[in-house]
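Notes to accompany the following structure.
Number of protein chains: 2
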Amino acid sequence: MQQHDDIGFIIKLINECIEKKANQTLKQFDLTLSQARILFYLHDHNEATTSQKDLEDFFEVTHPTIIGILNRLEGKCFIRSETNSKDKRVKNIFLTDKGINLFCSMEHFRKTIEQKMIQDLTNDQIRELHTSLKTVYKNIQEI
Amino acid sequence: MQQHDDIGFIIKLINECIEKKANQTLKQFDLTLSQARILFYLHDHNEATTSQKDLEDFFEVTHPTIIGILNRLEGKCFIRSETNSKDKRVKNIFLTDKGINLFCSMEHFRKTIEQKMIQDLTNDQIRELHTSLKTVYKNIQEI
DNA sequence: TATATAATTGTAGCATGCTACATATTTAGT
DNA sequence: ACTAAATATGTAGCATGCTACAATTATATA
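Read top to bottom, the protein sequences are chains A and B. The opening position of the first sequence corresponds to residue 1 in the UniProt record's numbering, with each subsequent residue numbered one higher. The opening position of the second sequence corresponds to residue 1 in the UniProt record's numbering, with each subsequent residue numbered one higher.
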């Protein structure tokens, strides 16, 4: 069994390829893929207030990782943050108008990339792929 | 469509989960997953000489990335390198005895993780998963 | 042969992930 | 009410990925 046939290795190659292509596309917006994913989350959850902890839980990364990404987004004025008045430990994160405007332009690219990834697959194959990936994810989490 | 259902997002979650689990396991050997993959490659190709360029091509990463990993491996004496006498631009990479010994201990963990990932899947499902992932990889490369 | 191009490796600096440690605030227990 | 534990965020330093620029050697071409 060569490494190139390991599921884990193929998944790494796919992930890094997605990142490279997405980052090339997002460069025109002065964004990276990780940063764009945060903006998508904030847009999808704009009815609720979002804390750093919410983002850590959703993206399953540690808090220093989230802080770094948020600092860069705030530096570029795509988001703003303010301390929660009811619990001063918490910082709430909001999209700025600049961030909201960007979302509309990016939504198109997001759908395009996701669709190109699964072209040549039948609907059944896509369903199967989803199911198997979720099984793999569950398995790896249990180790 | 929520982000959690995007194939690209699930693949990112799987990849980072694999890295975390593998790095925990490999800590006892003073290795990371990326470093271990290099050692596996060198062991699998021990009949041929390996240059930095060969590793860049196989792992599909840029040369600064490979140089960083190799420097850390050489600092820990798992590999050694020497300039190719026939082409002085080229540096050839070799496993040391320390690196060879480690390989045997790690091979067990590699197979265990890869098997746990695909448990609960039938052979047909595993074949389908492989095929679909390779299609996705091809698609994303063409963007 | 001399020079231009290509190929291989090296360095600097950045983004995103991590662990470990620190700080501030809230909650729980006595 | 006071202290201990839990929770949320912040900082420092590292590994792995990247781009951009540089240096060396080999190859190709005028």
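In this text, a Cβ means the ideal position worked out from N, Cα and C, and glycines have one as well. Just so you know, these numbers come straight off a predicted model, no measurement behind them.
Rounded separation between residue i and residue j - CA only
i: glutamate 74/A; j: glycine 68/A; result: 10 Å
i: threonine 96/A; j: arginine 110/B; result: 46 Å
i: serine 105/B; j: asparagine 139/A; result: 23 Å
i: arginine 63/B; j: serine 132/A; result: According to the sequence displayed, residue 63/B carries histidine and not arginine. About 34 Å.
i: glutamate 56/B; j: glutamine 28/B; result: 27 Å
i: threonine 65/A; j: cysteine 77/B; result: 31 Å
i: arginine 127/B; j: aspartate 54/B; result: 29 Å
i: phenylalanine 59/B; j: phenylalanine 58/A; result: 30 Å
i: isoleucine 18/B; j: glutamine 125/A; result: 24 Å
i: lysine 98/B; j: leucine 129/A; result: 40 Å
Given residue i as reference, the closest of the options once Cα atoms are compared
i: histidine 45/B; options: Ile143/B, Thr122/B, Ile113/B and Ile93/B; result: Ile93/B
i: isoleucine 10/B; options: Asn123/A, Gln119/A and Glu114/A; result: Glu114/A
i: threonine 112/A; options: Val90/A, Thr25/A and Thr50/A; result: Thr25/A
i: lysine 20/A; options: Val61/B, Ser34/B and Gln119/B; result: Val61/B
i: glutamate 142/A; options: Asp120/B, Gln3/B, His130/B and Gln35/B; result: Asp120/B
i: threonine 83/B; options: Thr49/B, Leu31/B, Phe40/B and Ile14/B; result: Thr49/B
Extent of the continuous alpha helix (DSSP H) run through residue i
i: phenylalanine 40/B; result: 33 to 44
i: isoleucine 7/A; result: 7 to 26
i: histidine 130/A; result: 123 to 142
Beta-carbon separation (whole angstroms), residue i vs residue j, contact threshold 8 Å
i: leucine 102/A; j: isoleucine 79/A; result: Contact doesn't hold; Cβ gap of about 11 Å is too wide.
i: valine 136/A; j: isoleucine 38/B; result: That belief does not hold up - the Cβ atoms of valine 136/A and isoleucine 38/B are roughly 24 Å apart, past 8 Å.
i: serine 34/A; j: lysine 91/A; result: With 8 Å as the limit, serine 34/A and lysine 91/A do not qualify as a contact, their Cβ atoms being about 19 Å apart.
i: lysine 12/A; j: asparagine 23/B; result: Between asparagine 23/B and lysine 12/A the Cβ distance is about 13 Å, and since that is not below 8 Å, they are no contact.
beta-carbon residue i near the ligand HEM non-hydrogen atom, thresh 8 Å
i: aspartate 6/A; result: With respect to the ligand HEM, the structure offers nothing, as it holds no ligand at all.
Open item on the list: Ignoring anything shorter than 3 residues, give me the beta strand (DSSP E) runs that lie fully in the region 56 to 111 of chain A, in order along the chain.
Closed with: As far as the region 56 to 111 of chain A is concerned, its whole beta strand (DSSP E) runs of at least 3 residues are 79 to 83 and 91 to 95.
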